[in-house]
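What follows is a set of notes on a single structure, which appears directly below.
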DNA sequence: CGCAATTTTCAACAACTGTTGAAAAGCTGC
DNA sequence: GCAGCTTTTCAACAGTTGTTGAAAATTGCG
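Protein chains in written order, with the numbering used here: chain U, 16 to 237; chain C, 16 to 237.
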């Protein structure tokens, strides 16, 4: 069994085999889904024996969960912090719809900030899970509901008089657009003849923030 | 080999085994994705021997394509016709953004109109494909690009002066929200505490149409 | 070094995968 | 009722799957 987790490695330039497994699994799961990837493909991509994945993570499903959870805490914290900041800056009046949505989306740019493809793959995996009837409900709820409710509370404040039903449908619309962006399918690239680049999250959010804010305002009052 | 396709059956009350295979495959592929379903599960669900799927459709991938294509022509025609109708009614002025989006979405309600679960499963499958990095690009383009470009042309007309880049990003947002709706994950139900019902497409579109129209207007000019 | 603990590989397992060829059953027109 | 189809089942295949126990390699430490 794995002992203290991370006794060695990460001091040297090359990442540990354990992390390599997570990285490759992240990428492959995001591209092909849970059932579309075999442990042998993961092991081969990580240049490692098959049994090592089982040794470190147990069952295949446990590896899937480990991949999902590896970055979720950091991501939740970053988004929570972004919301807290705009709330602080706005004072008692509270932030605007645009500011709230901005805080909801911008932290997701860390993928292209750091140039780390891992984050891009991770977010595509989140999109896969969120859009999956089978995984979506349980997995996303457990991991993101608390954060999402924070944002909906903030939006409720910024849109006085809005009904909760309207609020949730609007959030649903935003979540869908975001999910498709994160999925990074390249479809918009092809459709637009190269005008839009689906992996350019900054451009996507530049368009999404005012778009969604206008939608929220239209449905939820003022 | 299968001969003329549909020599018998469909006259009697019970559907043919061939159709039962398509129905079950549609449902299971939508729920678990291509790799998450085995031919034996499909055959078992259709109360049929495994080999029969191969006999009628060939390889597993061919069955997947057959499921996808079975309803796509009808769906494309219905949406195309809906657009043509609002264009005709609007005359030389052309339809409004709301009318165009309405024509884009409302035909998708046929699922709950007919009470036919098959359409609900089919649309969930389309969502799965559209959100999948692997299948999304090729498969969706081949099947829906022509129709989508019709709608974007109409929107370009209704929003004079809009740049194509903005137009495509807006479409991307709408497509994402629609995709999540079709995926029918039940997540919004849980999140809203039952206030919103994800399989109630009518309610979803009632909120989506003015929401998206406001977004398009905000980004694409007037 | 030498010893213990951890990490990694090797080899193998039973179960399941998509696919196929041949046999059986069902149907249609004579 | 028999001949010529199509449809359906049966039985089996070669390959792959996740998982495991034991052996081997590596590491940390006195």
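Note that beta-carbon positions come from the ideal geometry of N, C-alpha and C, so glycine has one too.
For residue 225 of chain U, the nearest CB of chain C lies under 9 Å from its own CB, placing it at the interface with that chain. Contact of residue 124 of chain U with chain C by beta-carbon distance below 7 Å is absent, the smallest such distance being about 16 Å. Taking CB atoms only, residue 91 of chain C has no neighbour in chain U less than 9 Å away. Remark: fewer than three beta-carbon pairs, one from each stretch, lie closer than 8 Å, so the region 99 to 110 of chain U and the region 149 to 163 of chain U are not flagged as touching. Per DSSP, residue 134 of chain C is one residue of the alpha helix (DSSP H) stretching across 132 to 145. For residue 110 of chain C, no Cβ of chain U is located within less than 9 Å of the residue's own Cβ. Our two residues, residue 47 of chain C and residue 144 of chain C, have alpha carbons roughly 12 Å apart in a direct line.
Residue 74 of chain C is outside the set of residues whose beta carbon lies under 9 Å from a beta carbon in chain U.
The Cβ atoms of residue 53 of chain U and residue 191 of chain C do not sit closer than 9 Å to each other. In the three-state scheme derived from DSSP, where H, G and I count as helix and E and B as strand, residue 148 of chain C is classed as coil. With a threshold of 16 other beta carbon atoms within 10 Å, residue 233 of chain C meets it and is buried. Secondary structure note for residue 155 of chain C: it is in no alpha helix (DSSP H), with a DSSP letter that is neither H nor E. In summary, residue 230 of chain U is buried, with 16 or more beta-carbon neighbours lying within 10 Å of its beta-carbon over all protein chains present.
Burial is judged here by how many other beta carbons sit within 10 angstroms of a residue's own beta carbon; residue 59 of chain C has fewer than 16 and is exposed. Apart from the 5 residues on each side of it in sequence, residue 188 of chain U sits with its Cβ closer than 7 Å to the Cβ of 230 in its chain, given in chain order. Contact note: residue 155 of chain C reaches chain U through 202, using a C-beta cutoff of 7 Å and chain order.
Against chain C, a Cβ distance below 7 Å from residue 41 of chain U picks out nothing, because the smallest value is about 13 Å. Contiguous beta strand (DSSP E) elements confined to the region 166 to 202 of chain C do not occur, taking only those with 3 or more residues. Among the CB atoms of chain U, one or more fall inside 9 Å of the CB of residue 189 of chain C. Taking 9 Å as the CB threshold, residue 88 of chain C stays off the interface with chain U. Shown here for residue 221 of chain C: not one same chain residue has a beta carbon closer than 7 Å to its own, the five before and five after excluded.
Under the three-state reduction of DSSP, residue 74 of chain C is assigned to coil, being neither helix nor strand. Judged by pairs of C-beta atoms under 8 Å, the region 69 to 83 of chain C does not touch the region 163 to 177 of chain C, as fewer than three such pairs exist.
Taken through DSSP and simplified to helix, strand or coil, residue 232 of chain C comes out as helix.
Residue C:216 holds the alpha-carbon nearest to the alpha-carbon of residue 125 of chain C among C:216, C:102, C:96. Within the region 47 to 63 of chain C, the residues whose Cβ lies closer than 9 Å to any Cβ of chain U are, in chain order, 47, 48, 49, 50, 51, 52.
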